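Take a look at the structure below.
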Amino acid sequence: MAATIAVTKETRFGETRIAATPETVKKLIALGYAVTVEAGAGLSASIPDADFEAAGASLAKTADQALTNADIVLKVRGPSPAEMKALKSGAIVIALMNAYNDADMLGAMAAKGVTGFAMEFVPRITRAQVMDALSSQANLAGYRAVIEGAEAYGRVLPMMMTAAGTVAAAKVFIMGVGVAGLQAIATARRLGAVVTATDVRPATKEQVESLGAKFLAVEDEEFKNAQTAGGYAKEMSAEYQAKQAALVSTHIAKQDIVITTALIPGRPAPKLVSAEQVASMKPGSILVDLAIEQGGNVVGAELDKTVVTNNGAKILGLSNLPGRIAADASALYARNLFAFVGLLGLSDGVVKPDLEDEILKAAALTHAGAIVHPAFKPQ
Numbered sequence: 010m011a012a013t014i015a016v017t018k019e020t021r022f023g024e025t026r027i028a029a030t031p032e033t034v035k036k037l038i039a040l041g042y043a044v045t046v047e048a049g050a051g052l053s054a055s056i057p058d059a060d061f062e063a064a065g066a067s068l069a070k071t072a073d074q075a076l077t078n079a080d081i082v083l084k085v086r087g088p089s090p091a092e093m094k095a096l097k098s099g100a101i102v103i104a105l106m107n108a109y110n111d112a113d114m115l116g117a118m119a120a121k122g123v124t125g126f127a128m129e130f131v132p133r134i135t136r137a138q139v140m141d142a143l144s145s146q147a148n149l150a151g152y153r154a155v156i157e158g159a160e161a162y163g164r165v166l167p168m169m170m171t172a173a174g175t176v177a178a179a180k181v182f183i184m185g186v187g188v189a190g191l192q193a194i195a196t197a198r199r200l201g202a203v204v205t206a207t208d209v210r211p212a213t214k215e216q217v218e219s220l221g222a223k224f225l226a227v228e229d230e231e232f233k234n235a236q237t238a239g240g241y242a243k244e245m246s247a248e249y250q251a252k253q254a255a256l257v258s259t260h261i262a263k264q265d266i267v268i269t270t271a272l273i274p275g276r277p278a279p280k281l282v283s284a285e286q287v288a289s290m291k292p293g294s295i296l297v298d299l300a301i302e303q304g305g306n307v308v309g310a311e312l313d314k315t316v317v318t319n320n321g322a323k324i325l326g327l328s329n330l331p332g333r334i335a336a337d338a339s340a341l342y343a344r345n346l347f348a349f350v351g352l353l354g355l356s357d358g359v360v361k362p363d364l365e366d367e368i369l370k371a372a373a374l375t376h377a378g379a380i381v382h383p384a385f386k387p388q
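Under the working numbering, think of the first position of the sequence shown as 10, with each following residue one higher.
See the structure below:
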């Protein structure tokens with residue numbers, strides 16, 4: 010009997026993505042799995058049930074029906090308490106778990122005997138690039154941030170020369186040049202804006218300039234050593250932050266759109282834009298805070314709200330930007346998951362993951378009734 014993979018409708022409010030597409034369903038079946046999809050799970054990502062059936066999946070009327078006998082569960086977000094009840098002991102759940110902020114879920118997975126893998130902990134090594142869900146989703150978030158900022162701005166982004174006169178190009182400032190920031194730069198440039206960007210990692214300067222934007226940073230000794238071996242930004246000293254803030258303050262006051270993208274794994278998002286800097290901006294200017302789900306980079310930003318400041322600037326605290334492009338976000342994420350499932354060691358209908366594999370070991374949260382990830386093991 011084939012091992013079964015279940016894909017269910019996401020239960021988190023506003024989550025429009027799905028963890029599989031007809032493309033990946035076909036590929037999973039070709040690997041030897043049977044796939045069950047909850048009816049209606051793909052509708053918010055523009056995938057009708059008939060497309061899943063045509064790809065070879067069977068449909069379940071309810072999530073419980075899909076989950077009860079599943080050997081592997083693919084999800085966008087971690088399992089809800091109701092989903093946990095439906096899972097069998099020994100099941101494997103793979104999702105973006107948000108593990109740092111959901112200790113109850115970790116405990117519940119361990120208590121149920123579920124093996125939980127967090128896609129956000131897939132290591133950034135060459136063989137895992139195709140599984141890098143953080144990058145695939147951040148790339149789309151950076152694109153969407155520019156679109157949302159442009160829509161809220163109420164003016165054009167490119168310079169336009171017309172018989173009635175010239176319209177100046179918008180000035181866009183990207184703070185944080187990871188995957189999301191780079192895509193935001195590229196998108197804003199394609200739309201014709203004058204783009205500048207900043208980041209504490211020195212390696213990003215060349216990347217920014219290669220996209221046709223100007224780099225802005227205090228380039229001292231701390232800046233030159235501000236990147237971890239894994240490619241993440243280090244938290245900077247208070248002294249550096251003060252120097253950078255002084256440089257940035259005069260720059261922000263001249264900008265039309267500011268997009269912030271800075272995140273530090275497991276910590277609240279660093280504050281990049283102060284209340285004073287927000288107050289210095291022009292009426293009608295826009296701030297888009299991509300870090301809002303971890304507290305936000307902009308002082309005054311509120312989750313899923315547009316805050317209009319006293320000076321007429323707007324702060325957009327939009328969560329789940331990839332979910333606003335659900336079809337493409339689902340397609341990319343489903344491919345990340347398919348590549349990850351390929352590591353699970355299916356043999357004669359039995360799934361036996363090797364937790365010594367460097368990718369599985371890094372991503373494993375719970376296994377055999379215990380929390381196994383070193384960041385969350387009880388001390």
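Note that CB positions come from ideal geometry on N, CA and C, so glycine has one too.
Just so it is clear, the structure is predicted and the values come from calculations on it, not from any experiment.
- For the options Arg153, Ala384, Leu374, the alpha carbon positioned closest to that of Ala104 is the one of Leu374.
- Note on the stretch 122-178: whole beta strand (DSSP E) runs with a minimum of 3 residues are 124-127, 169-171, 174-176, in chain order.
- Under DSSP, Lys233 takes part in no beta bridge, so it has no partner.
- Separation of Ser55 and Pro383 (C-alpha to C-alpha, rounded to the nearest whole angstrom) is 39 Å.
- Secondary structure note for Leu325: its beta strand (DSSP E) is the uninterrupted segment 323-325.
- Secondary structure at Ser246: coil, using DSSP grouped into helix, strand and coil.
- Segment contact: the stretch 108-119 against the stretch 319-331, fewer than three CB-CB distances shorter than 8 Å; contact not assigned.
- Judged by their CB atoms, Val217 and Ala179 are not nearer to each other than the 9 Å cut-off.
- CA-CA distance, Gly305 to Pro331, rounds to 17 Å.
- Taking C-beta separations shorter than 6 Å and ignoring five residues to either side along the sequence, the partners of Ala15 in its chain run Thr45, Ala75, Leu76, Ala79, Val82, following chain order.
- Taking all protein chains in view, the Cβ of Arg153 is crowded by 16 or more other Cβ atoms within 10 Å, so the residue is classified as buried.
- Looking only at Gly354, Val359, Gly358, the smallest Cα-Cα distance to Leu369 is reached by Gly354.
- When Ala254, Ala66, Ala189 are compared, the shortest CA-CA separation from Thr213 is found for Ala189.
- According to DSSP, Ser356 shares a beta bridge with Val359.
- If you compare the alpha carbons of Lys18, Thr33, Leu143, Lys35 with that of Ile27, the shortest gap goes to Lys18.
- Within the DSSP secondary-structure output, Ala255 pairs in no beta bridge.
- The straight-line gap separating the alpha-carbon atoms of Thr171 and Ala91 is approximately 59 Å.
- Beta-bridge partners of Ala15 (DSSP): Thr45, Val82.
- Distances from the alpha-carbon of Val85 to those of Val139, Arg136, Glu129 put Glu129 closest.
- Val287 is a Cβ neighbour of Leu296, given a cutoff of 9 Å.
- Within a 10 Å sphere around the beta-carbon of Asp265 sit 16 or more other beta-carbons, which makes this residue buried.
- Rounded to whole angstroms, the separation of the alpha carbons of Glu24 and Lys314 is 17 Å.
- By a beta-carbon distance limit of 8 Å, Ile268 contacts Gly158. Their separation comes to about 6 Å.
- Counting along the chain, the unbroken beta strand (DSSP E) around Leu68 starts and ends at 67-69.
- By the CB criterion at 9 Å, Leu149 and Val131 fall outside the cutoff.
- In the assembly as shown, Gln253 is a buried residue. Its beta-carbon has 16 or more other beta-carbons within 10 Å.
- In the structure shown, Leu341 falls within a helical segment according to DSSP collapsed to helix, strand and coil.
- In this structure, the beta-carbon distance from Val139 to Arg344 falls below 9 Å.
- In the structure shown, Asp208 falls within a coil segment according to DSSP collapsed to helix, strand and coil.
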